[in-house]
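A short worksheet on the structure shown next.
Chains as they are written, first to last, in the working numbering: chain A, 151 to 211; chain B, -13 to 122.
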C-alpha cells in the first residue's frame, strides 16, 4: 500500500513538474537600422542641395 | 629685459593675428569664387532652357537616369549645347557630392528623379532599369 502510494505520488510529482515547466525560444534577428538611416539622411541632404541650386532654374522652365 | 619679453610676446601675437586674417581672407575668397562660379553656371543653364525644351519637344533628346541629357533619336541637333549642358551639370553634381560626402553618381540619380517628377507630358525619360519611355 505504502509502495503504491509512493509510486503514484512520484508519478504525479513528475507530471506536475513537467506541466509547470515551460520553455520559450525567442529568436531575435539582428536589426541593422543605422546604415538605412545614413542612406536616407544623405539622400535628403543631396535633394535639399539640388533644390537649392536648381530650384529657380526649374521654375524658369 | 622684461620689456624685451613683452615685445617678443607681442610679435608672436601679431604673427598669429596675421595668420588668422590671411586664413579668413583665403576662406572668404574661395567661398566667393565658388558662389560666383555657381551664379555663372546658373546663368548659362537658364540661357539654354529654351533650346533644350525645344529639343525635348521634338523628341530629339531625353533625360537619362543619371541626371544628364542624352540623344534619343539619330538626329544630333545642337550637340555642342547638349554637351556643354552636361559638362555644367557634372560640375554641379561634383560640387554637391563633395559638399555632402556623397558620390557624383548618387547626386546625378537623385537629380534624375527630380527631373522625372517635373517633366512635361511627352518628354523622353530613362527609368532606373535603363528603359526609355515617354512621360504621359
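In this text, a Cβ means the ideal position worked out from N, Cα and C, and glycines have one as well.
Its Cα nearest to that of residue 86/B, the residue 188/A stands out among 188/A, 210/A, 170/A and 208/A.
Annotated as proximal: residue 49/B and residue 112/B, with beta-carbon spacing under 8 Å. Here residue 75/B is buried: its Cβ has 16 or more other Cβ atoms, across all protein chains shown, within 10 Å.
With contacts defined as CB atoms closer than 8 Å, residue 118/B and residue 61/B fail to qualify as a contacting pair. The C-alpha of residue 170/A lies about 16 Å from the C-alpha of residue 159/A. When only Cα atoms are considered, residue 186/A and residue 53/B end up about 23 Å apart. Straight across, the Cα-Cα distance linking residue 71/B with residue 51/B is about 16 Å.
For residue 156/A, the secondary structure class from DSSP, reduced to helix, strand or coil, is helix. Annotation for residue 71/B: the continuous alpha helix (DSSP H) segment containing it runs 65 to 86. Per the coordinates, the alpha-carbon of residue 94/B lies some 6 Å from the alpha-carbon of residue 79/B. Within the model, the alpha-carbon separation for residue 207/A versus residue 67/B is close to 17 Å. Burial is judged here by how many other beta carbons sit within 10 angstroms of a residue's own beta carbon; residue 209/A has fewer than 16 and is exposed. For residue 101/B, the enclosing alpha helix (DSSP H) has its first and last residue at 90 to 104. If you draw a 10 Å sphere on the C-beta of residue 30/B, you find fewer than 16 other C-beta atoms in it, and that means exposed.
According to DSSP, residue 57/B shares a beta bridge with 47/B.
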